[in-house]
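First residue of the sequence shown? That's 0 in numbering that gives the first Met the number 0, and the numbers climb one at a time after it. Backbone N, C-alpha and C define an ideal beta-carbon position, used for all residues, glycine too. Comments concern the structure below.
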Amino acid sequence: MSILNRRSARTATTALTLLVALTGCSAGRGQSPPPVDTSEGVGHVHAVATNMGADTGTYVATHTGLYLVGEEGLVRVGETRSDLMSFTVIGPDTFLASGHPAPGEGGPSSLGLIRSTDAGLTWAEVSLGGESDFHALTAVDERIYGLDATTSTLRWSTDQGTRWQEGAQITAADLDADPAAPDRVLATTPDGLMLSADGGATFARTHETPEPLVLIDHVTTGAGSVLLGLDAAGVLWRELPRGWRSMGPGIGTPEAFWALDEQTLTASADGAVHRSTDGGATWSVIATID
Numbered sequence: 000m001s002i003l004n005r006r007s008a009r010t011a012t013t014a015l016t017l018l019v020a021l022t023g024c025s026a027g028r029g030q031s032p033p034p035v036d037t038s039e040g041v042g043h044v045h046a047v048a049t050n051m052g053a054d055t056g057t058y059v060a061t062h063t064g065l066y067l068v069g070e071e072g073l074v075r076v077g078e079t080r081s082d083l084m085s086f087t088v089i090g091p092d093t094f095l096a097s098g099h100p101a102p103g104e105g106g107p108s109s110l111g112l113i114r115s116t117d118a119g120l121t122w123a124e125v126s127l128g129g130e131s132d133f134h135a136l137t138a139v140d141e142r143i144y145g146l147d148a149t150t151s152t153l154r155w156s157t158d159q160g161t162r163w164q165e166g167a168q169i170t171a172a173d174l175d176a177d178p179a180a181p182d183r184v185l186a187t188t189p190d191g192l193m194l195s196a197d198g199g200a201t202f203a204r205t206h207e208t209p210e211p212l213v214l215i216d217h218v219t220t221g222a223g224s225v226l227l228g229l230d231a232a233g234v235l236w237r238e239l240p241r242g243w244r245s246m247g248p249g250i251g252t253p254e255a256f257w258a259l260d261e262q263t264l265t266a267s268a269d270g271a272v273h274r275s276t277d278g279g280a281t282w283s284v285i286a287t288i289d
C-alpha cells in the first residue's frame, strides 16, 4: 500500500477514454434506445450489489436482465430480460433499477424507475416510465438520485421515487450519495471527480485523486463515511484525511463496483465478477461473464 501524490499521464488518458465511453452510451434527448440483443448470453455488466436480506447474495445487473452469483456461476433471477442500465439495493430484498425493455417485452422504450420487493423476481414501475432512462442510481434513506441519460440531467426524489426534481446537467459515468450527508453527491466525469453539496443542483470540481476514478462508493465506518473508488486499471483507492491510498493490485477495466463495508467489495471487470474480503488487498473471481 502506498499514498501517492502524482498523476500517471498514461492512466489518466486511459481513464478519460473509459469515462467518455461509459458516459457516451447514453441515448440523446428524444431518442429511443437501441434494441437489446439477447442472443449472446449475459452481455456486459452495468451494476453489481449485495442483498441486505436473508440470502446476502451478490446480484449482477446486465444487458439481458438480473443474475445472482451462484455456486456454479450466474443464475438468472425472474423473467425479465430488460437491459438494466442501473441497479441498486436499498433494503432487504428491495431493489431499484432503470433501463429499457428487451425486444418483445412491450411497454415504453425507457423503464423510468422500477422497484422490486422480492429480490428481483418481479418488478413494478414507480415513476417516469417512457420518460427517463437512469444510467446511475444512488439512494440514502428516503432520497434517491438518478442520472437521466436521456437529458444528461441529475434528478432527485425525496419520497422514494414518486416525485422528482431536476438538478444540474452533468456527463458522468457514476455517482454516489454520502450516507453521512445525503445532500452531498459525488460524480465521476471526464473532467475529474465532481461534488454537489446542494443535493445535485450544482456541481464543482473537488477531491483531486492520484489517478482518475471511474467508479465510486461510500462505506460507513465508526468515524463516518469513507469514499472508495476504482481507477481505469481496476485499482482500489481509499480516501484518507491526508490524501489517497492505493489498496492493492488492479483487476482490469472496471464495469461495476459495490462496497458492502470497508472489507467486503464486489466489482465486475474484464469478463468476471471479483470479490475482495480484505479491503481490496486481494481479489478472487466469483463468476465469469459469458
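Three-state secondary structure (DSSP) of residue i
i	result
Arg274	strand
Leu3	Because Leu3 sits at a pLDDT of 32, beneath the cut-off of 50, its placement in the model cannot be relied upon, and the following sentence gives the value as read from the coordinates. DSSP places Leu3 in coil when its eight states are reduced to three.
Phe294	As shown, the chain starts at 0 and ends at 289. That puts residue 294 outside it, with no answer to give.
Ala180	strand
Thr57	strand
Leu15	Annotation note: pLDDT 47 at Leu15 (below 50); position unreliable, coordinate value reported separately. Reduced to three states, the DSSP call for Leu15 is helix.
Ala232	coil
Thr37	Confidence at Thr37 is low in this model, with a pLDDT of 36, below 50, so its placement is unreliable and the value that follows should be read with caution. Residue state, collapsed to three classes: coil.
His45	strand
Arg162	coil
Thr208	coil
Leu120	coil
Gly103	coil
Gly198	coil
Thr79	coil
Thr187	strand
Ser224	strand
Ser267	strand
Gln168	strand
Gly69	strand
Gly27	Residue placement at Gly27 is poorly supported in this model, since its pLDDT is 41, which falls under 50; the coordinates are not used for a value here.
Ala203	strand
Proximity test, residue i beta-carbon vs the ligand NAP heavy atom, cut-off 7 Å
i	result
Arg237	This structure lacks the ligand NAP; in fact it carries no ligand of any kind.
Element boundaries [beta strand (DSSP E), containing residue i]
i	result
Asp216	Leu212 to Thr220
Asp175	Asp173 to Asp177
Ser283	Ser283 to Thr287
Ile143	Arg142 to Asp147
His62	Counting along the chain, His62 falls outside any beta strand (DSSP E), and DSSP gives it neither H nor E.
Glu124	Ala123 to Ser126
Leu97	It is worth fixing the name first, because residue 97 is Ser in this sequence and not Leu. Where Ser97 is concerned, the enclosing beta strand (DSSP E) stretches over Thr93 to His99.
Ile250	No beta strand (DSSP E) holds Ile250; DSSP gives it neither H nor E.
Arg241	No beta strand (DSSP E) holds Arg241; DSSP gives it neither H nor E.
Arg114	Leu112 to Ser115
Val74	Gly72 to Arg75
Gly90	Asp82 to Gly90
Ser151	Where Ser151 is concerned, there is no enclosing beta strand (DSSP E), given that its DSSP letter is neither H nor E.
Gly191	Gly191 to Ser195
Phe300	Outside the shown range of the chain, which is 0 to 289, sits residue 300, and nothing can be said about it.
Cβ-based burial, residue i [other Cβ within 10 Å; buried from 16]
i	result
Ala96	buried
Ser283	exposed
Gly279	buried
Arg154	buried
Ala135	buried
Glu104	exposed
Leu120	exposed
Leu239	exposed
Pro100	buried
Ala222	exposed
Val74	exposed
Neighbourhood of residue i by C-beta, 6 Å cutoff - its chain only, sequence neighbours within 5 removed
i	result
Gly72	Ala286
Pro107	Gly128 and Gly129
Ser224	Asp177, Pro178, Ala179 and His217
Thr152	Glu165 and Gln168
Spatial neighbours of residue i in its chain, beta-carbon cut-off 7 Å, leaving aside the 5 residues before and after
i	result
Asp182	Ala196, Asp197 and Gly198
Asp277	Gln262
Arg162	Ser156
Gly191	Arg204 and Pro211
Leu146	Phe133, His134, Ala135, Leu153, Ala171 and Leu174
Sequence-distant residues of its chain with Cβ nearer than 8 Å to residue i (five each side left out)
i	result
Pro91	Asn50, Met51, Gly52 and Ala53
Asp309	No information on residue 309 is available, as it lies outside the stretch 0 to 289 that the chain covers here.
- [ ] Taking 8 Å as the threshold, find out whether the stretch 198–209 comes into contact with the stretch 256–265 through three or more Cβ pairs.
- [x] Judged by Cβ distances under 8 Å, the stretch 198–209 makes no contact with the stretch 256–265, as fewer than three pairs qualify.
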